[in-house]
Amino acid sequence: MILSHSTSQDGIIQSIMDLHCNGSIQCDATYGFGGFYKNLPKPELKFDISPQVEGVVQSSSENLPVPDASLKSIMFDPPFLTYIKQGREHNSIMAKRFGGYYTYDELEDHYIHSISEFYRKLERNGVLVFKCQDIVHNHRLHPTHIKVVLWAESEGFRLTDSFVLVADRRMPVGQGRTQRHARIAHCHFLVFTKKG
Numbered sequence: 001m002i003l004s005h006s007t008s009q010d011g012i013i014q015s016i017m018d019l020h021c022n023g024s025i026q027c028d029a030t031y032g033f034g035g036f037y038k039n040l041p042k043p044e045l046k047f048d049i050s051p052q053v054e055g056v057v058q059s060s061s062e063n064l065p066v067p068d069a070s071l072k073s074i075m076f077d078p079p080f081l082t083y084i085k086q087g088r089e090h091n092s093i094m095a096k097r098f099g100g101y102y103t104y105d106e107l108e109d110h111y112i113h114s115i116s117e118f119y120r121k122l123e124r125n126g127v128l129v130f131k132c133q134d135i136v137h138n139h140r141l142h143p144t145h146i147k148v149v150l151w152a153e154s155e156g157f158r159l160t161d162s163f164v165l166v167a168d169r170r171m172p173v174g175q176g177r178t179q180r181h182a183r184i185a186h187c188h189f190l191v192f193t194k195k196g
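Start counting the sequence shown at 1; every next residue gets the next number (this note's numbering).
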């Protein structure tokens, strides 16, 4: 039985591929180091704005170099960190590995424009898998997964499935800080279908 939550990212991605993508993801728009696919089938098309490994085509997720209505499935795992001034050049482990945005508005713009591009590039009934995490920015909780659903549905996608990845370990919080929000220890894999 496939459940909607897990501590295994591989398990969630495999479940999504089995339920919605005929066993594999065709395109990854933010491939990075390819960590998603260490134990899973690699996508046929791999893109990243800053390629980290061989075989990845340099491209923004907002402008994929493929014909419109040509893709069956897209994986999107964008950065979610904010207050990152220089992307991967920022002096933090997470930023160097994943990049980020300085303001939440920059994050929103990237997500919204990418969703529009994915809608154009997916064929009818094509599948978008969107990994996202809620964040606290400027002492305010941003329920990113809810916003992503609203943005995608306004573009013409239908939310088909939702998975929650629960972290089995987290990076330590700075000592001496006063905690104002619950520590976020999960992220969402949202599965959308392009309506016919």
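We treat Cβ as the ideally placed atom computed from N, Cα and C, and that holds for glycine.
Residue range of the alpha helix (DSSP H) that includes residue i
i: E123; result: No alpha helix (DSSP H) holds E123; the beta strand (DSSP E) holding it covers L122 to C132.
i: V149; result: T144 to E155
i: M17; result: Q9 to H20
Residue j beta carbon less than 7 Å from that of residue i
i: T30; j: D77; result: yes
i: A152; j: I115; result: yes
i: L165; j: I12; result: yes
i: H20; j: V127; result: yes
i: P65; j: S59; result: yes
i: E62; j: H113; result: yes
Which listed residue (the options) has its alpha carbon closest to that of residue i
i: E155; options: H137, T103 and E117; result: E117
i: R158; options: R140, G196 and H181; result: G196
i: S70; options: C132, H145 and L122; result: L122
i: K42; options: P51, R124 and C27; result: C27
i: Y119; options: F192, P51, C187 and I146; result: F192
i: M75; options: E106, N22, F130 and H113; result: F130
i: C132; options: R124, N125, L141 and H145; result: H145
Host beta strand (DSSP E) of residue i (start-end)
i: L45; result: L45 to D48
i: F33; result: Careful: F33 lies outside any beta strand (DSSP E) and carries neither H nor E.
i: K72; result: L71 to F76
Where residue i sits in the DSSP three-state scheme
i: D105; result: helix
i: H186; result: strand
i: A95; result: Caution applies to A95, whose pLDDT of 40 falls short of 50 and renders its modelled position unreliable; the value that the coordinates give is listed next. Note: A95 maps to helix in three-state DSSP.
- Message: Between the stretch 4 to 24 and the stretch 50 to 59, can you find at least three pairs of beta-carbon atoms closer than 8 Å?
- Response: Proximity of the stretch 50 to 59 to the stretch 4 to 24 falls short of the contact definition, fewer than three beta-carbon pairs being nearer than 8 Å.
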